[in-house]
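Protein chains in written order, with the working numbering: chain A, 60 to 300; chain B, 2 to 466; chain C, 1089 to 1285.
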Amino acid sequence: MSEETWTPSKKKSLLDPRTKLLLIFVEAVLVLATTGGERLFWFRIVFAVLPFLLLLSAKRYKICIIGLAVLCTIFLLEYTVFPYAHGLSASMLVLVITIINRFLPAYLTGVYVIRTTKVSEFKAAMEKLHMPDVLTIPMCVMFRFFPTIREENEAIRAAMKMRGIRFGGGKVGKMLEYRIVPMITCAAKIGEELSAAALTRGLGKYKKRTNICHIGFGWADIVIFLLVAATVLYWILGVFA
Amino acid sequence: MIEFDNVSFAYDAAPEQKSLCDFSLTVKDGECVLITGPSGCGKSTLLRLLNGLIPEFYSGTAEGKVQINGEEIQGIGIEELAGRIGTVFQNPRSQFFNVDTTGELAFGAENLAIPEEEILRRIGRTVKAFQIELLMDRNIFELSGGEKQKIACASINVLEPEIILLDEPSANLDYEAAESLRQLITCWKEMGKTILIAEHRINYIWDLADRVIVLENGALKKEIQKEEINRFTEEDTSHFGLRSLERISPVSLVKNTEQAETDDVIHLENFHYSYDKKHEIFNIPSMRIAKGKVTAIVGKNGAGKTTFLEVLSGIRKNDGIMGLDGKSYSSKKRLGKIFMVMQDVNHQLFTESVLDEVLISQPEENEEEAKKILAEVGLLSFADRHPMSLSGGQKQRVALACAIASKLPILLLDEPTSGLDHAQMYTVGEILNRMKGEGRTIITVTHDSEFIEHCCDEVIQIKEA
Amino acid sequence: MSKKESGNKLNGRDLINIGIYTAIYFVIAMALAMTGLIPIFLILLSSMIGIVGGIPFMLFLTKVKKPGMILIMSTIMGILMFVTGMTWMPIPFSVVTGLIAELVYRGGNYKSMRSAILTAGIFPLWSCGNYLPLFLQREQYFADRTSYGQEYVDSVMNLTPVWMFFVLLAATFVCGIIGGLLGKALLKKHFERAGIA
């Protein structure tokens, strides 16, 4: 019998997971903390547009449109409502406008990263970055577990709906108890079973695991690196200028 | 060779009750042993002693020796046994660690630090042997229960253990999925693996077994050798309280007496559902269901049986109209008018005691009546227990007690007999008959042919759109 | 055959437990954060996380028998805040608060109910790390908004004085204690009786 070796799929996301982490960091520092002031204005614009482009490249149109809609609403508020607001309402408005303006690109980058990174890619990146297992394994479990929590939550909501609104008497405390407690109970039970299944397949037996998933830098990663390097260089030049 | 030598075990959770009692068994290499018996007979305990889940997950007191090839294995960590013993568990939804199928197949071998080329070779062999090319590089969450169970088996196979344990692997599978599981077990038999299967549902693997062990209260009740297996009859199974041996597709049991347009039918019109615009799950222009009877809904994998029940109960919005007693009900109006027992009953148990669970289901709380209902389903002594601490069969009966208490005229059931033994299945049948006696209509989705023959009046098939 | 002594090193099962309970905790925190779009809830967010998060957290503590688990959970929350765009500041902050929470529960030998509730009070402080950039860099934060006029900038500054951060910390701690007590009550009422605690 001839041996057949499985060829893992070559389909990879555009960016290496490590580049994605770098990008989140840069977004956070640049867009959020206004480092570099006016001098970096154009770079900030580039990094604000970048998450939209990445989401488009990953065909996540819906989140892209939502992001744009939020941005437009904010601009509208800023230029139509804001000039007429006074006192506390104006302060609140400034707070909301700045917070959303600042956090949105970084948040969208986060969405992009979470939606386009496979667990095995994430695992490989964490290993390459020499992160300890005590962080990597729980975070892999989390990625695996989020969809489960969603499934459990939906099933419980359906069961409550079937039993009618009367159920719980509309009291907030009871509603909380009947929603959160079964969700936690079901999730914890599944977690125990997951744990048993993972341990019987040797999780935690050796320190050094194999990983059949390979990650590596491509042209897109290089473009991002160059962009980041240019920004840093320009900023440093500005500091010493 | 696996040897159990005078093994006794009691769980810490119930120390007075011995789950295994002075039990001895020798399994030769390459043997396929089916272990069966009523719920709580100790068959899962047997497997847990082998794979190390006892004592790591289930603590208790054990006596006697459990050996593999002459080596005592009690006290060896679970992960140390990985690669030597593989276990397929009951619940397809909880036993995968990765989100993608390929990663899941590699998972065990990666943990054992097997070189990459070897892992890929093993995956290649497994994919070919199990014919799962189409399942590769997929998101496990999007697979059906049967497909998930296939991936679980494949993931064990990549580890190439000598011993394979299966703990009620078919409990959540329909007829076709159980048949494909049979294929995989046949595969393992051909590879010469030592196989131990704990099951209630014995029909799909009965003739594969080299030996059958029937347990009762933790002790050996009957050992059936190969030649006897082939001669075993349906009478013998009922004598031992086992499930039927016959492999009958539920679809072949369709019997639907043409319902006349009278007051005695529930009329469904324009029932269809799609998750997205392109793909319709099912489409039923018109269906009549006999009132006051037990109707089974059968259909192939992916025919949308569960979704059909969810639409009927009003949980999922759609524009189907249900006609009952001259009134028509839209999906919004049906909500709260129909009781549904879900396949995973864990999702519909909310309160801190069995009694409370029944009380909140009543239109008006009436403790006396609630206790009467609990007595009828045989759970009165459990009235103060937390519903989630009960066994699967008991939880099922709590949900049925709630259905009785709700006084609602229509009851929907989704696979009510999955994971139930012979006696429990009959109890469910009795409860349904009693509700039928009150004039209620029962509609159940099921793949269990034995259950259909036991208590269903009508059998309707729904087909994929 | 007694239960094997596994020492103080975290094993696979502990790590999976951390993952599962952090996932539950994070989902609850995110559900609460959805209300944060209304500005007033943004300020109350860390307190709400303290109360509601106390429920899964107290259950998590019943699984914690070895050092490190609380610290890891807190660190992961910080990392996740970083990934969801809350800057890098929550990471060091959550490491520090996690370490304090860890030491408090360790002080109770990983079983005392009193230190468990105290731990439940300290743990949600990680969520205050999200407010840090707002306070630490508020000058820069609102600097390029001077086009709105100094009056507005001043009123915003008045809304977020530095002492406010310590008020938030204190409020979160108190709410965490309430959450711990709530979690304890539900442990007795549900989780222990359901056999999962």
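Backbone N, C-alpha and C fix where the C-beta goes; we use that ideal spot for every residue, glycine too.
Contact under 7 Å by Cβ, residue i with residue j
i	j	result
LEU412(B)	ALA404(B)	yes
ILE1266(C)	ILE1139(C)	yes
PRO388(B)	GLU358(B)	yes
LEU1220(C)	MET1165(C)	no
LEU1275(C)	ALA1282(C)	no
GLY263(A)	GLY1186(C)	no
SER20(B)	GLY43(B)	yes
PRO93(B)	LYS149(B)	yes
ALA83(B)	ARG260(A)	yes
ILE164(B)	THR127(B)	no
THR168(A)	GLU86(A)	yes
GLY1173(C)	TYR166(A)	yes
GLU137(A)	ILE159(A)	no
PRO164(A)	PRO110(A)	yes
GLY38(B)	VAL215(B)	yes
VAL355(B)	VAL399(B)	yes
ASN212(A)	MET185(A)	no
LEU1098(C)	VAL193(A)	yes
ALA199(B)	ILE36(B)	yes
ASP175(B)	ASN7(B)	no
For residue i, the three-state DSSP class (helix, strand or coil)
i	result
THR1234(C)	For THR1234(C), the pLDDT reaches just 49, beneath the cut-off of 50, and the residue's location in the model is therefore unreliable, although a value from the coordinates is still provided. Three-state result, THR1234(C): helix.
ASP1102(C)	helix
THR442(B)	strand
ASN284(B)	strand
ILE203(B)	coil
GLY61(B)	strand
ILE1284(C)	coil
ASP23(B)	strand
ALA289(A)	helix
ARG317(B)	coil
CYS33(B)	strand
TYR138(A)	helix
VAL67(B)	strand
Residues of its chain near residue i, where Cβ-Cβ distance is below 7 Å and the 5 sequence neighbours each way are ignored
i	result
VAL1192(C)	SER1203, LEU1206, THR1207, ILE1210
SER40(B)	SER392, GLY394, ASP422, GLN425
ARG49(B)	ILE55, TYR59
SER156(B)	GLU105, LEU106, PHE108, GLY109
ILE1137(C)	ALA1117, LEU1120, PRO1212, SER1215
MET1338(C)	This structure cannot settle anything about residue 1338(C), because the visible part of chain C is limited to 1089 through 1285.
From the options, residue whose alpha carbon lies closest to that of residue i
i	options	result
ASN140(B)	ASN231(B), THR103(B), SER332(B), ALA153(B)	THR103(B)
GLN18(B)	PRO56(B), THR62(B), ARG244(B)	THR62(B)
SER68(A)	LEU121(B), LEU350(B), ARG289(B)	LEU121(B)
CYS1216(C)	ARG1194(C), ILE1179(C), LYS1199(C), ASN1197(C)	ILE1179(C)
ILE282(B)	THR308(B), ILE36(B), PRO170(B), GLY293(B)	THR308(B)
GLY1142(C)	VAL240(A), PHE276(A), PRO197(A)	VAL240(A)
HIS273(B)	SER287(B), PRO170(B), THR418(B), LYS227(B)	SER287(B)
LEU197(B)	ASN218(B), GLU229(B), PRO162(B), GLU217(B)	PRO162(B)
THR176(A)	ARG238(A), HIS273(A), MET151(A), ILE295(A)	HIS273(A)
ARG216(A)	LYS334(B), ASN99(B), SER362(B), HIS348(B)	HIS348(B)
Assigned exposure category for residue i - 16 Cβ within 10 Å defines buried
i	result
ILE249(A)	buried
GLN91(B)	buried
HIS280(B)	exposed
ASP30(B)	exposed
ARG232(B)	exposed
PHE134(A)	exposed
TYR143(A)	exposed
MET436(B)	buried
Neighbourhood of residue i by C-beta distance below 6 Å, restricted to the same chain and skipping five residues each side
i	result
THR290(A)	PHE102
ILE79(B)	GLY53, GLU57
THR1110(C)	MET1161, ILE1164
MET1089(C)	Low confidence applies here, because MET1089(C) scores a pLDDT of 33, under 50, leaving its location unreliable and the question unanswered by this model.
GLU4(B)	THR27, GLN68
Residues near residue i by beta carbon distance below 8 Å, same chain, minus five either side
i	result
MET60(A)	With a pLDDT of only 43 at MET60(A), under 50, the local geometry of the prediction cannot be trusted, and the value read off the model is given with reservation. Excluding sequence neighbours, MET60(A) sits near nothing in its chain.
GLU118(B)	none
LYS256(B)	GLU459, VAL460
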